[in-house]
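Novice: Following full-length UniProt numbering, the numbering of the sequence shown begins with 1 at its first residue and continues without gaps. Idealized CB from N, CA, C, for every residue including glycine. Structure incoming, see below.
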Amino acid sequence: MHHFSLSVPVFDIPHLLHEVISSLTPYDLTVCAQVSSRWNYLFEPFLWHNLNFANHGTITHFTTLSSSSPGAQTGLYRNQHTIRTIIIENGWALDAALPESHIYPNLTALTFRAMDTWSKATDKDGLVRMIRFLERNTSLQTVRLEVFPLHNDVACKMLGDVLKTHPSLKDLEITGGAQANRSSVEHILRGVVGSCSISVLKMVSAFHHGCVRIQSQDPSSPPLVFSLFPSSSSTQGPTATRLKQLWFDPDIHGPEYHILLLALLNHSPHLERLSFAAPKTPYQLADLVSAFSKNPKLRHLELIEYNTSALNNSNNNDYPADLIQATTSASSHLHSFSLRSFQTRANSSFIDRAAHALVHHQHSRTLERLDFCKDDEVASKDLQLLLMSCPNLTSFIVIDVDGHESTTKNRSRIHIEDLAAGGWVCRGLKELSIGFTGFSALTSSSSSSSSSSSSDESATAQYYTTLIYNHLASLPHLQTLCLAGELLPFSVSPRDPWIPPPPSSSTYFDFSLKTGLAKLAPLKNVQTLNLSQWQHFWIGKAEAAWMVEQWKGLRYVTLPVQEPSIVSEGYKAAGHFMNLIAVRPSLIVSIKV
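And the structure:
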């Protein structure tokens, strides 16, 4: 047995020093560094691991130290070997953060948010200094450039040339701040193509306008010449990229976007994840499907920014549905599929065909993640079909609980009558964000009938409530549960609000013990419960205590107060959970307004 000797200082035992430092906050480290010269020598390097050159001209953790002061410059020079990440918030800190003579040999991540520097047409020197900094620091693995001028040919060519020779860069994210030029984007993409290390590329626009605008190419105009990749006889560079993940949606108008996307797909055989703007014509779709054959490892698809009402081939009503069916069937082993900002109400068969396409083509056996939370509306029967057909699902997201959309707009729900179609087969589901509707129809019909009929309606409502509990209870591996309740009618207004029924009404699924909450006892792994999109729940003291007792891992609870009629219930439920923090100290309760 090793006996610890008091004669050996803790600072001379590396693993103990590491344990001590890892338990301290940046403020604590700052205080420790001021104790003595030896303490400063030991603790100061850890303060310089992650630096944020903030908007007010100071460096994070050094609240009184100006980034341009001699002390800051001395600290940067003295600790340049310990710096791991740098974030620059604006152009004012550019000189202080990126002095010409400094090289940070262990710097792995850089984020530049200097919107004012990028936006000034006269500040060409700032762009040059930033790109030269990337060139000097060859240890960089992750680079984020926000609001970068994708319309500036000179800057984009410089950046592309640096990317070709950078030995360690793996993850590149560029957010464009203005409409991009095709030639400028090509300069950067040539650098990605020539890179021996970049595997993740995200190039998107910072300003979306609801959909990618469409411009038809004039048949009389000369064909677009594409020179991103060298010809087969060229020896100037590789003919394939190393890309594994690609998010590609710069603000490029017309067919140029389609041409660039096809070129990347045709030369990226290792691609596994793709996020892209949907093609606008059947001809572009055919090209895209053909390109997918060059990507045998493609497993994750995300279609973004599509508006069916903006189609330039409006006579083809089947095209929107063909789009989903073709893109999903072209990938033989799809693991995840997402729709983002799709506006589809103009074509009711769109999502219906999408659901059937996902279930067929063997995707039902490979799909692990489905995300429709940014879509307008997914039909109830389609949601139920997917949950009944995809046994390997681990994540199913329909309700956007993190966004700021009202429950009136976020209308995707499972109708309670569709639950009777069958049980859910995704027993390994870990994340579920779903809503249920249909109870209000039962209530409205019972209110105009006799008392005996009302009793029958109540029994029917309890039947559907039990169905919901049984479906949820069949998911024993669930870790995140986000629930939404009855839809608000479109006629809701501040003058004529829709008032939910009284708490613990027998005609509603309200998450109370009275209606069957105890059936969810098998959900032992639940860590997150989010009810922020629910208008009628009843969580009393007994319900809160039951959940804390039964769900040992429960840590996060989010409750709503956005509707006037449930403000008091939301705060009451939060209070019940807050009273149980003594029993579960790790419990975090939040209110979403």
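Going straight from the alpha carbon of W48 to that of I88, what length do you get?
Specialist: The sequence position of residue 48 within the sequence shown is 48, counting from 1. The sequence position of residue 88 within the sequence shown is 88, counting from 1. The straight-line gap from Cα to Cα measures roughly 14 Å.
Novice: Does D218 pass the burial test, meaning 16 or more other C-beta atoms within 10 Å, or should it be called exposed?
Specialist: By 1-based counting over the sequence shown, the position of residue 218 is 218. The pLDDT assigned to D218 is 36, lower than 50, so where the model puts this residue is not dependable; a value taken from the coordinates is nonetheless given after this. Answer is exposed; the Cβ neighbour count stays below 16.
Novice: Could you check the C-alpha separation between C211 and W534 for me, to the nearest Å?
Specialist: Locating residue 211 in the sequence shown gives position 211, counting from the first residue. Locating residue 534 in the sequence shown gives position 534, counting from the first residue. For C211, the pLDDT reaches just 28, beneath the cut-off of 50, and the residue's location in the model is therefore unreliable, leaving the point undetermined.
Novice: Taking the beta carbon of A155 as the centre, do at least 16 other beta carbons fall within 10 Å, making it buried, or is it exposed?
Specialist: Counting from 1 along the sequence shown, the entry for residue 155 is found at position 155. Per the 10 Å Cβ criterion, buried.
Novice: So L520 and H471 are supposed to be a Cβ contact under 8 Å. How far apart are they, rounded?
Specialist: Working through the sequence shown from its first residue, we reach residue 520 at position 520. Working through the sequence shown from its first residue, we reach residue 471 at position 471. Their Cβ separation, rounded to whole angstroms, is 11 Å, which puts L520 and H471 out of contact at 8 Å.
Novice: What is the DSSP secondary structure of V589, counted as helix, strand or coil?
Specialist: Working through the sequence shown from its first residue, we reach residue 589 at position 589. V589 falls in the strand class under three-state DSSP.
Novice: According to DSSP, is G177 part of a helix, a strand, or is it coil?
Specialist: As a first step, residue 177 must be located in the sequence shown, where it is residue number 177. It is coil, neither helix nor strand.
Novice: Please identify the residue among V583, A573 and L580 whose C-alpha is closest to the C-alpha of D591.
Specialist: Along the sequence shown, read from residue 1 onward, the residue named residue 591 stands at position 591. Just to set this straight, residue 591 is Ile in the shown sequence, not Asp. Ranking the options by Cα distance to I591, first place goes to A573.
Novice: DSSP three-state call for P255: helix, strand or coil?
Specialist: By 1-based counting over the sequence shown, the position of residue 255 is 255. Three-state result, P255: helix.
Novice: Reducing DSSP to helix, strand and coil, say where I83 ends up.
Specialist: Residue mapping note: residue 83 aligns to position 83 of the sequence shown, counting from 1. I83: coil per DSSP, three-state reduction.
Novice: As a quick exercise: from Y464, G540 and K430, pick the residue whose alpha carbon is nearest that of residue 594.
Specialist: Lying outside 1 to 593, the shown extent of the chain, residue 594 is not represented and no answer is given.
Novice: With H187 and K157 assumed to form a contact (beta carbons below 8 Å), what rounded beta-carbon distance in angstroms separates them?
Specialist: Residue mapping note: residue 187 aligns to position 187 of the sequence shown, counting from 1. Residue mapping note: residue 157 aligns to position 157 of the sequence shown, counting from 1. Confirmed, Cβ separation roughly 4 Å.
Novice: Under the DSSP definition of a beta bridge, which residues are partnered with Q527?
Specialist: Residue 527 sits at position 527 when you count from the first residue of the sequence shown. For Q527, which the question treats as bridged, DSSP gives no partner whatsoever.
Novice: Buried or exposed: E549, going by 16 or more other Cβ atoms within 10 Å of its Cβ?
Specialist: Sequence index remark: in the sequence shown, residue 549 carries index 549 (1-based). It is exposed - the Cβ of E549 has fewer than 16 other Cβ atoms within 10 Å.
Novice: For the candidate residues N181, S183 and V193, whose alpha-carbon lies nearest to that of H166?
Specialist: Within the sequence shown, residue 166 is the residue found at index 166, counting from 1. If we check each option's Cα against that of H166, V193 comes out closest.
Novice: Just the C-alpha distance for R242 and I539, rounded to the nearest angstrom, thanks.
Specialist: Residue mapping note: residue 242 aligns to position 242 of the sequence shown, counting from 1. Residue mapping note: residue 539 aligns to position 539 of the sequence shown, counting from 1. Cα-Cα distance, rounded: 52 Å.
Novice: Identify the continuous beta strand (DSSP E) that holds D249 and give its terminal residues.
Specialist: In the sequence shown, residue 249 corresponds to position 249, counting from 1. Its beta strand (DSSP E) spans residues Q245 to D249.
Novice: Check whether chain E comes within 9 Å of T328, counting only Cβ atoms and requiring the distance to be less than that.
Specialist: The question asks about chain E, but that chain is absent: this structure has only one protein chain.
Novice: What would DSSP say about N266, mapped onto helix, strand or coil?
Specialist: Reading the sequence shown from its first residue, position 266 is the one you call residue 266. N266: helix per DSSP, three-state reduction.
Novice: Please find out if some non-hydrogen atom of the ligand GTP comes closer than 8 Å to the beta-carbon of K294.
Specialist: You won't find the ligand GTP in this model; it holds no ligand whatsoever.
Novice: Relative to the alpha-carbon of N266, which residue among P282, K297 and D251 has its alpha-carbon at the smallest distance?
Specialist: Within the sequence shown, the letter at position 266 stands for residue 266. N266 has its Cα closest to that of K297, out of P282, K297 and D251.
Novice: On a Cα-Cα basis, can you pick out the residue from L523, N579 and T528 that is closest to A544?
Specialist: Here residue 544 refers to the residue found at position 544 when the sequence shown is read from its first residue. When only C-alpha atoms are compared, the closest one is N579.
Novice: Quick check on DSSP: helix, strand or coil for S184?
Specialist: In the sequence shown, residue 184 corresponds to position 184, counting from 1. It is helical.
Novice: Between Y257 and S336, what straight-line distance do the alpha-carbon atoms span, to the nearest angstrom?
Specialist: For the purposes of this step, residue 257 is identified with residue 257 of the sequence shown, where counting begins at 1. For the purposes of this step, residue 336 is identified with residue 336 of the sequence shown, where counting begins at 1. Whole-angstrom Cα-Cα distance: 24 Å.
Novice: Compute the Euclidean distance between the alpha carbons of Q284 and S268, then round it to the nearest angstrom.
Specialist: Position 284 of the sequence shown, counted from the start, is the residue given in the question as residue 284. Position 268 of the sequence shown, counted from the start, is the residue given in the question as residue 268. Rounded to whole angstroms, Q284 to S268 spans 19 Å at the Cα level.
Novice: Let me check one thing: in DSSP terms, what residues is Y283 bridge-paired to?
Specialist: Position 283 of the sequence shown holds residue 283. In the DSSP output, where bridge partners are listed per residue, Y283 has none listed.
Novice: Would you decide whether I252 is buried or exposed? Buried here means 16 or more other CB atoms lie within 10 Å of its CB.
Specialist: Against the sequence shown, residue 252 aligns to sequence position 252. Classification of I252: buried, given that the 10 Å Cβ count is 16 or more.
Novice: Should S234 go down as buried or exposed, given a rule of 16 or more other Cβ atoms within 10 Å for buried?
Specialist: Locating residue 234 in the sequence shown gives position 234, counting from the first residue. Note that S234 scores a pLDDT of 39, beneath 50, so its modelled location is shaky and nothing firm can be said.
Novice: So for N50, helix, strand or coil by DSSP?
Specialist: Translated into positions along the sequence shown, residue 50 becomes position 50. Three-state result, N50: strand.
Novice: Assuming F148 contacts G126 under a Cβ cut-off of 8 Å, what Cβ separation, rounded to an integer in Å, is found between them?
Specialist: Taking the sequence shown and counting its residues from 1, one reaches residue 148 at position 148. Taking the sequence shown and counting its residues from 1, one reaches residue 126 at position 126. Rounded, the Cβ-Cβ distance is 12 Å, inconsistent with contact.
Novice: Alpha carbon to alpha carbon, how far is K294 from L323?
Specialist: Indexing the sequence shown from 1 puts residue 294 at position 294. Indexing the sequence shown from 1 puts residue 323 at position 323. Each residue's alpha carbon lies about 19 Å from the other.
Novice: Between S227 and E173, what straight-line distance do the alpha-carbon atoms span, to the nearest angstrom?
Specialist: In the sequence shown, the residue the question calls residue 227 occupies position 227. In the sequence shown, the residue the question calls residue 173 occupies position 173. Its pLDDT being 47, under 50, S227 is placed unreliably in this model, and the value from its coordinates should be taken loosely. Distance between the alpha carbons of S227 and E173: 23 Å.
Novice: Would T394 and G428 qualify as a contact pair, given that the criterion is a beta-carbon distance under 9 Å?
Specialist: Within the sequence shown, residue 394 is the residue found at index 394, counting from 1. Within the sequence shown, residue 428 is the residue found at index 428, counting from 1. Yes. Within cutoff.
Novice: Could you give the residue range of the beta strand (DSSP E) that holds A109?
Specialist: Taking the sequence shown and counting its residues from 1, the one referred to as residue 109 is at position 109. Run containing A109: A109 to F112, per the beta strand (DSSP E) assignment.
Novice: What residue range does the beta strand (DSSP E) around K381 cover?
Specialist: The residue given as residue 381 occupies position 381 in the sequence shown. Counting along the chain, K381 falls outside any beta strand (DSSP E), though it belongs to the alpha helix (DSSP H) covering S380 to S389.
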